[in-house]
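If you're matching positions, the sequence shown starts at 688 in the numbering used here and goes up one per residue.
As structure tokens, the structure follows; a few thoughts come after it.
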Amino acid sequence: MNRFAVSGGYIIKSADDVVTDKYIIIEDSMIKDIRDDLPDDIDTVIGGRYDIVMPGLINTHTHAPMTLFRGMADDLPLMTWLKDYIFPAEAEFVDREFVYIGSLLAAWEMTRSGTTAFCDGYFFEDQVARAAAEVGIRAWLGEGILEFPSPSLSDPSRTIDHSREFITRWMDNALVKPTVFPHAVYTCPPDLLKKAFELAEEFDLIFQIHLSETSTEIEQARQRYNMTPVELMDSIGCLSERTLAAHCVVLDNNEIALLAKKGVSVSH
688 MNRFAVSGGY
698 IIKSADDVVT
708 DKYIIIEDSM
718 IKDIRDDLPD
728 DIDTVIGGRY
738 DIVMPGLINT
748 HTHAPMTLFR
758 GMADDLPLMT
768 WLKDYIFPAE
778 AEFVDREFVY
788 IGSLLAAWEM
798 TRSGTTAFCD
808 GYFFEDQVAR
818 AAAEVGIRAW
828 LGEGILEFPS
838 PSLSDPSRTI
848 DHSREFITRW
858 MDNALVKPTV
868 FPHAVYTCPP
878 DLLKKAFELA
888 EEFDLIFQIH
898 LSETSTEIEQ
908 ARQRYNMTPV
918 ELMDSIGCLS
928 ERTLAAHCVV
938 LDNNEIALLA
948 KKGVSVSH
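Quick look at the structure:
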């Protein structure tokens, strides 16, 4: 039996429940008690009276391997950043080793700053899962779904099958859980988005997507579909309680109300 104590000057049990100068008793990775005194049979104590002990933070949207691209191109319009810098860099550098090393670094940084779980979407997500499992951080991961070739899939016609294969490999893992991750409305046509959503429904998974990130995205969607990205997603049945929409920077009041009505979660 692995038994130890965590000491905290301030222990945040919930938003409105904070206790001071207590010991949290941990037994086999489970919290067994919060008490004033330290039991005689415990020799290992982590923390101290000036520390804050709180539930772990959850990063609800990230691309962990891109930690290795940090500082490469900053303060640019999204499409300029993607097309002129990120997409070319990914085509040249992103492989299994890149994703694994970048994810290890990201997982280490997250755990060092109090984040104990994250939701990620990228390429070679098996390597993100491998890194997360090694570090011991909880993760919800999605293999990127796109209408064009990616670093992890040269044949985009297999993008749904590729995601399905990732899902089946990790469905039963205790720490790592799969998601479905079509990149965005501007990189996935409506029929592909519908197939991705059906895949999420089939396995009862989170459906994560970038949505309404910029004014340019809104204008492009209006020109192509005569709808905003949110309206398009609604028209094809891809808004529900399983939908996790990333960013949602450019929304009008009607779209905000629609997302709320459908139960969509937003990682702003």
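Think of the CB as a built atom: it goes at the ideal place given N, C-alpha and C, for glycine as much as any other residue.
Cα-Cα separation, Ile-788 to Asp-723: Within the sequence shown, the letter at position 101 stands for residue 788. Within the sequence shown, the letter at position 36 stands for residue 723. Their backbone Cα atoms lie some 42 Å apart in a straight line.
Nearest residue (CA-CA) to Thr-930, options Ser-954, Ser-694, Met-753 and Tyr-697: Locating residue 930 in the sequence shown gives position 243, counting from the first residue. With distances taken between Cα atoms, Thr-930 lies closest to Ser-954.
Euclidean distance between Cα positions of Arg-977 and Ile-713: There is no way to answer for residue 977, as the model of the chain reaches only from 688 to 955.
Distance CB(Ser-844)-CB(Glu-830) smaller than 7 Å: Along the sequence shown, one-based indexing puts residue 844 at 157. Along the sequence shown, one-based indexing puts residue 830 at 143. Taking 7 Å as the Cβ cut-off, Ser-844 and Glu-830 do not qualify as a contacting pair.
Segments of 3+ residues assigned as beta strand (DSSP E) that fall wholly inside the segment 902-946: 930-934
Residues that Asn-689 bridges to, as DSSP identifies them: Within the sequence shown, numbered from 1, the residue matching residue 689 stands at position 2. Note: Asn-689 sits in no beta bridge, so no partner.
Beta-ladder partner(s) of Leu-828, from DSSP: In the sequence shown, counting from the first residue as 1, residue 828 sits at position 141. According to DSSP, Leu-828 bridges with Asp-807 and Pro-865.
Contacts around Ser-839, its chain only, beta-carbon distance under 6 Å, and the 5 residues preceding and following it disregarded: What you label residue 839 is simply residue 152 of the sequence shown in a count that begins at 1. Within the same chain, Ser-839 has close Cβ partners Phe-810 and Phe-811.
Supposed contact pair His-870 and Ile-832 - C-beta distance, whole angstroms, cut 8 Å: If you number the sequence shown from 1, residue 832 lands on position 145. If you number the sequence shown from 1, residue 870 lands on position 183. With a Cβ gap of about 7 Å, Ile-832 and His-870 count as contacting.
Meets three-Cβ-pair contact criterion under 8 Å: the segment 857-865 and the segment 814-826: yes
Buried/exposed call for Gln-910, threshold 16 Cβ in 10 Å: As a working mapping, residue 910 is identified with position 223 in the sequence shown. Flag for Gln-910 reads exposed.
Assigned secondary structure, Asp-848 (DSSP; H/G/I helix, E/B strand, else coil): On the sequence shown, position 161 is the one that residue 848 refers to. Reduced to three states, the DSSP call for Asp-848 is helix.
Own chain residues within Cβ distance below 6 Å of Lys-719, not counting five before or after: Locating residue 719 in the sequence shown gives position 32, where the first residue counts as 1. Ile-712.
Exposed unless 16 or more other CB atoms sit within 10 angstroms - verdict on Phe-894: For the purposes of this step, residue 894 is identified with residue 207 of the sequence shown, where counting begins at 1. The residue is buried, with at least 16 neighbouring Cβ atoms inside 10 Å.
Neighbour-count burial assignment, Ser-841, 16 or more Cβ in a 10 Å radius: Mapped onto the sequence shown, residue 841 falls at position 154. Ser-841 should be labelled exposed.
Burial state of Asp-727 (16 or more Cβ within 10 Å): Taking the sequence shown and counting its residues from 1, one reaches residue 727 at position 40. Label assigned to Asp-727: exposed.
Leu-880 versus Leu-926, Glu-852 and Gln-907, residue with shortest Cα-Cα distance: Here residue 880 corresponds to residue number 193 of the sequence shown, with the count starting at 1. That would be Leu-926, whose Cα lies nearest to the Cα of Leu-880.
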